[in-house]
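Contents: one structure, followed by commentary.
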Amino acid sequence: MKQKFFVSCLLGLWFGVALLPTNSLFAQQLNIRGQVLGENGEPLAGANIRIEGTLQGTTTDYEGNFALRNLPAGNYTLRCSYVGYIAQNQTLTLSGEDASVSWVLVKDIHLADEVVVSATRATEKSAIAYTNISREELAKQNLGQDIPVLLNFSPSVVSTSDAGAGIGYTGLRIRGSDATRINVTLNGIPLNDAESQGVFWVNMPDFASSVSSIQIQRGVGTSTNGAGAFGATVNIQSNQLRREAYAEINNSFGSFNTWKHTLMAGTGLIKDKFTVDARLSRVRSDGFIERAFADLRSFYVSGAYYGKKSMFRVNIFSGREQTYQAWYGVPEAQLRAGNRRFNQVNYDNETDNYQQDHYQFFYNQELSKGWSLQAALHYTKGRGYFEQFRTNDDLAFYNIAPATLGNDTIRQTDLIRRLWLDNDFYGLVYSVQYEGKRLQLTLGGGWNRYTGKHFGEVIWARFAGNSNIRQRYYDNDAAKTDLNFYAKAFYQITTKLNAFVDLQVRSVGYNFLGKAVDSFGARDVQQSVDLFFFNPKIGLNFQWTERWRLYGFVGIGNREPNRDDFTQSSAASRPQPETLQNLELGLQYQSTRWAFSVNGFGMNYQNQLVLTGQINDVGAFTRRNIPNSYRIGIEIESAWRPLPRLTWQANLTLSRNRVVNFTEFISDFDNGGQVQNTFRESDIAFSPNIVGGSQLEYNFPKGIKIALLSKYVGRQFLDNTANPNRQLNAYFTHDLRLIYTLTPRWMEEISLSLLVNNLSNERYESNGYTFSFLAQGQQQTQNFYFPQAGTHFLLALGLKF
Numbered sequence: 008m009k010q011k012f013f014v015s016c017l018l019g020l021w022f023g024v025a026l027l028p029t030n031s032l033f034a035q036q037l038n039i040r041g042q043v044l045g046e047n048g049e050p051l052a053g054a055n056i057r058i059e060g061t062l063q064g065t066t067t068d069y070e071g072n073f074a075l076r077n078l079p080a081g082n083y084t085l086r087c088s089y090v091g092y093i094a095q096n097q098t099l100t101l102s103g104e105d106a107s108v109s110w111v112l113v114k115d116i117h118l119a120d121e122v123v124v125s126a127t128r129a130t131e132k133s134a135i136a137y138t139n140i141s142r143e144e145l146a147k148q149n150l151g152q153d154i155p156v157l158l159n160f161s162p163s164v165v166s167t168s169d170a171g172a173g174i175g176y177t178g179l180r181i182r183g184s185d186a187t188r189i190n191v192t193l194n195g196i197p198l199n200d201a202e203s204q205g206v207f208w209v210n211m212p213d214f215a216s217s218v219s220s221i222q223i224q225r226g227v228g229t230s231t232n233g234a235g236a237f238g239a240t241v242n243i244q245s246n247q248l249r250r251e252a253y254a255e256i257n258n259s260f261g262s263f264n265t266w267k268h269t270l271m272a273g274t275g276l277i278k279d280k281f282t283v284d285a286r287l288s289r290v291r292s293d294g295f296i297e298r299a300f301a302d303l304r305s306f307y308v309s310g311a312y313y314g315k316k317s318m319f320r321v322n323i324f325s326g327r328e329q330t331y332q333a334w335y336g337v338p339e340a341q342l343r344a345g346n347r348r349f350n351q352v353n354y355d356n357e358t359d360n361y362q363q364d365h366y367q368f369f370y371n372q373e374l375s376k377g378w379s380l381q382a383a384l385h386y387t388k389g390r391g392y393f394e395q396f397r398t399n400d401d402l403a404f405y406n407i408a409p410a411t412l413g414n415d416t417i418r419q420t421d422l423i424r425r426l427w428l429d430n431d432f433y434g435l436v437y438s439v440q441y442e443g444k445r446l447q448l449t450l451g452g453g454w455n456r457y458t459g460k461h462f463g464e465v466i467w468a469r470f471a472g473n474s475n476i477r478q479r480y481y482d483n484d485a486a487k488t489d490l491n492f493y494a495k496a497f498y499q500i501t502t503k504l505n506a507f508v509d510l511q512v513r514s515v516g517y518n519f520l521g522k523a524v525d526s527f528g529a530r531d532v533q534q535s536v537d538l539f540f541f542n543p544k545i546g547l548n549f550q551w552t553e554r555w556r557l558y559g560f561v562g563i564g565n566r567e568p569n570r571d572d573f574t575q576s577s578a579a580s581r582p583q584p585e586t587l588q589n590l591e592l593g594l595q596y597q598s599t600r601w602a603f604s605v606n607g608f609g610m611n612y613q614n615q616l617v618l619t620g621q622i623n624d625v626g627a628f629t630r631r632n633i634p635n636s637y638r639i640g641i642e643i644e645s646a647w648r649p650l651p652r653l654t655w656q657a658n659l660t661l662s663r664n665r666v667v668n669f670t671e672f673i674s675d676f677d678n679g680g681q682v683q684n685t686f687r688e689s690d691i692a693f694s695p696n697i698v699g700g701s702q703l704e705y706n707f708p709k710g711i712k713i714a715l716l717s718k719y720v721g722r723q724f725l726d727n728t729a730n731p732n733r734q735l736n737a738y739f740t741h742d743l744r745l746i747y748t749l750t751p752r753w754m755e756e757i758s759l760s761l762l763v764n765n766l767s768n769e770r771y772e773s774n775g776y777t778f779s780f781l782a783q784g785q786q787q788t789q790n791f792y793f794p795q796a797g798t799h800f801l802l803a804l805g806l807k808f
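Have a look at this one:
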């Protein structure tokens, strides 16, 4: 019922808006034409022209020409921008006849930061689906919650939170693809964990305060560094020049004893060459789930030197987290009994403790006319442990001899253990770019090396036997090397048509302690694997008119299995890499008040890795390759500005996500072995058929803004059987955001913000897991869920000097 209501309302509003008459139907239609040149008279192809205060804009062709058509008479302010040049505004009046305007843009060496990420970012010429989120948009929502929650209203995005309040362990899925299949880079440097391939946002508390922009690419996307993009790419930029000295204090507090303190300051540009920016943050929350607290601290320091044709920047930042365990979720029986905040863990120090330090060094150099070089060195140090209380564990598992108590031999004990990670990640990423009249070329790549120590310690045992203090019961090392090279080219075939080609080769070498099977059974053996991937992409972009654009894209992505897939299998049962074939077809339209885009996608998987329940040859429940699965769908985005102060943005994704043939394996505890169940055309787990978002905002006079934010997520299955008894129900939530801004004479700005989440007090779960078995003659299924908080709030005060 919710699904039909949401889709009907959204489509009804879209069609209604599309049929509304515009001023151009009743007024004289006028045009603005012009040209954009560089300071040496060269045309700038691809420069952006936007009409301020509207949704309309265009880009220049390879001659630097542009046109904005069918405009009513009136006053207009046009903004012209181009990467590496100083943006300019011009104001003109349309009255009775067409107008012309031209720009001569001057290079700005201080914009070199943008070039750092441009090598891996998409543009309109890339012919793919993407969304840009600016610093200003993030700041509206950034009252303490993690980046996945701040991105929640983007197309095809679903965010999750273990503790239920958006702070601590959070994650996101895009088009149903989980975190291990989403490539994340920061200033072009990989963020994904080299072994698990996920991103642990909890290690970067309040990093959104240091972000200047985020781009989300959906599908295979453009070539990037690090783990292969296998469903989406999140490209984050933190480097940004702030020319004037500043200081900011941002404080938030709210439900579940949540609070955030952020101090930021910067020198501005000193002597037109130097700049330093710094941030210090602390975030604390008790969480919605019982005892699921998060205590997070971070700092960020960035310094840059700008030369005449070069730029050098150093970023140093760190995050430290302590979070109480909420990973196990809430059992279904407790959820049905109304105990939504239930936490089955009771040990008072069952916490995750981790610190991650990042060091980034960037160098940009303008080489000659049209050519530039970007290079970055990076190093990340991570270390920490998860502390856990265990009951009645076998002493033998911990290499501890049985204890003797009188005439009794003790073989099991309660104990507390720590599971440690100590890892180093370092490398080099680079790109060389050429900007010509018709051709734009990027040659880039990277070399990255990961070394990780994995070990476990027993720090207390009720019966300790012959154990030592901090008894180590496992200790192994892993090393992974990732080498990639890519070449991207945009070629302007005609003034309306351009082609995009992107070719990447990637080599992965992984050394790890894995399993081998012989006549003596399974045993640990140091192993290695080497993989080679070729990832080609091609696209066409057709600028039909200044308002209409068509594009098409075909690409292939490959991805290696993760650590558990390798370490918990033998060479014989080891899974194969996954392959994704991606097709995107899009149509975009924009006018002064109305803009929309429709993007159709097809994602065909070969050897996708999924959990089937099957036990492999070393007795582990590892993921298995399934031959064929797919996603097909359509993404619709719109923006409408019916009044100068009223804006409505909405998106809707309709998709079909299927495994062609799926076999489930269920352990039979009565008779031994496993029972198989076969399914055809079953839903891929955690892949809702409908995802939608809406943001309706009105700007009142005197600095007051109010917005209603809505999110709809359709039904999701916990596994690949499409069993309605193993599902997350659809949910529809609404948030209210109020912002009041003052600009007194004695300081730059005072802002008060209120964010009320889940206005309708919707009871929903954003994540979960399931497992089934046969016992006592019956199939039994146990489901676990991650409930999200009901109505809760965050209140913030921001001071800018």
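When we follow the numbering used here, the leftmost residue of the sequence shown carries the number 8, and every step to the right adds one. Glycine included, C-beta positions come from ideal geometry on N, C-alpha and C.
Residues that residue i bridges to, as DSSP identifies them
i: Gln362; result: Arg327, Arg390
i: Gly273; result: Tyr253, Asp284
i: Leu51; result: Leu51 pairs with nothing; no bridge assigned.
i: Gln681; result: Ser674
i: Met211; result: Looking at the DSSP assignment, Met211 forms no beta bridge with any residue, so it has no partner.
i: Met610; result: Asn589, Arg638
Distance between residue j and residue i (C-alpha atoms, nearest Å)
i: Asp482; j: Gln329; result: 23 Å
i: Ile673; j: Arg298; result: 34 Å
i: Ala34; j: Asn77; result: Because the pLDDT of Ala34 is 48, which lies under 50, any placement of that residue in the model is unreliable, and the number read from its coordinates should be weighed accordingly. Approximately 10 Å, taken between the alpha carbons.
i: Pro79; j: Asn548; result: 28 Å
i: Leu37; j: Thr100; result: 11 Å
i: Trp601; j: Arg652; result: 14 Å
i: Thr458; j: Phe519; result: 10 Å
i: Ala186; j: Thr98; result: 45 Å
i: Ser31; j: Tyr596; result: For Ser31, the pLDDT reaches just 42, beneath the cut-off of 50, and the residue's location in the model is therefore unreliable, although a value from the coordinates is still provided. If you take the alpha carbons of Ser31 and Tyr596, they lie about 16 Å apart.
i: Lys807; j: Ile713; result: 21 Å
i: Ile58; j: Leu85; result: 5 Å
i: Phe669; j: Asn684; result: 8 Å
i: Thr177; j: Phe207; result: 8 Å
i: Pro28; j: Trp647; result: For Pro28, the pLDDT reaches just 49, beneath the cut-off of 50, and the residue's location in the model is therefore unreliable, although a value from the coordinates is still provided. In a straight line, the C-alpha of Pro28 is about 13 Å away from that of Trp647.
i: Leu761; j: Lys280; result: 39 Å
CA nearest to the CA of residue i, picked from the options
i: Arg570; options: Ser203, Gln550, Leu380; result: Ser203
i: Gly60; options: Ser184, Ser598, Gly640, Thr670; result: Ser598
i: Asn658; options: Asp677, Val605, Asp537; result: Val605
i: Glu357; options: Met318, Gly593, Tyr331; result: Tyr331
i: Arg188; options: Gly238, Ser217, Ile58; result: Gly238
i: Lys444; options: Asn38, Gln36, Gly45; result: Gly45
i: Ile757; options: Glu131, Glu255, Ala729; result: Glu255
i: Ile476; options: Arg57, Ile323, Leu412, Tyr405; result: Tyr405
i: Leu446; options: Arg566, Gln613, Leu504; result: Leu504
i: Thr282; options: Trp266, Lys544, Phe319; result: Phe319
i: Gly607; options: Leu193, Pro634, Ile639; result: Ile639
i: Leu618; options: Val625, Arg631, Gly609, Met610; result: Arg631
i: Asp302; options: Arg566, Gln534, Ala170; result: Ala170
8 Å Cβ shell around residue i - same chain, five flanking residues per side excluded
i: Glu339; result: Gln789, Asn790, Phe791, Tyr792
Same chain only: Cβ atoms within 7 Å of residue i, ignoring 5 sequence neighbours per side
i: Asp675; result: Gln681, Val682, Leu781
i: Asn732; result: Thr788
i: Leu703; result: Trp655, Ala714, Leu715
Spatial neighbours of residue i in its chain, beta-carbon cut-off 6 Å, leaving aside the 5 residues before and after
i: Ser701; result: Ala657, Ser717
i: Asp68; result: Thr502
i: Asn623; result: Ser576, Ser580, Thr629
i: Gly516; result: Thr488, Asp537
At a cut of 8 Å, does the segment 409 to 427 reach the segment 458 to 474 through at least three beta carbon pairs?
The answer is yes - the segment 458 to 474 touches the segment 409 to 427, with three or more Cβ pairs under 8 Å.
Could you tell me whether the segment 156 to 165 touches the segment 563 to 578, using the rule of 3 or more Cβ pairs below 8 Å?
The segment 156 to 165 makes no contact with the segment 563 to 578: fewer than 3 CB pairs, one atom from each, lie closer than 8 Å.
Cβ contact (3+ pairs, closer than 8 Å) linking the segment 379 to 388 and the segment 439 to 454:
When Cβ pairs closer than 8 Å are counted between the two stretches, the segment 379 to 388 is seen to touch the segment 439 to 454, the count reaching three or more.
Does the segment 795 to 803 come into contact with the segment 254 to 274, if we say contact requires no fewer than three beta-carbon pairs (one atom in each stretch) closer than 8 Å?
Judged by pairs of C-beta atoms under 8 Å, the segment 795 to 803 touches the segment 254 to 274, as three or more such pairs exist.
For the segment 344 to 351 against the segment 244 to 255, are there 3 or more C-beta pairs whose distance is under 8 Å?
By the Cβ criterion, the segment 344 to 351 is not in contact with the segment 244 to 255, since fewer than three pairs of Cβ atoms, one from each stretch, lie closer than 8 Å.
Specify whether the segment 311 to 320 and the segment 765 to 780 touch according to this definition: at least 3 beta carbon pairs, one from each stretch, less than 8 Å apart.
They do not touch, by the three-pair rule.
Count the C-beta pairs between the segment 688 to 697 and the segment 717 to 726 that are closer than 8 Å, then say yes if the count reaches three, no if not.
Short answer: they touch.
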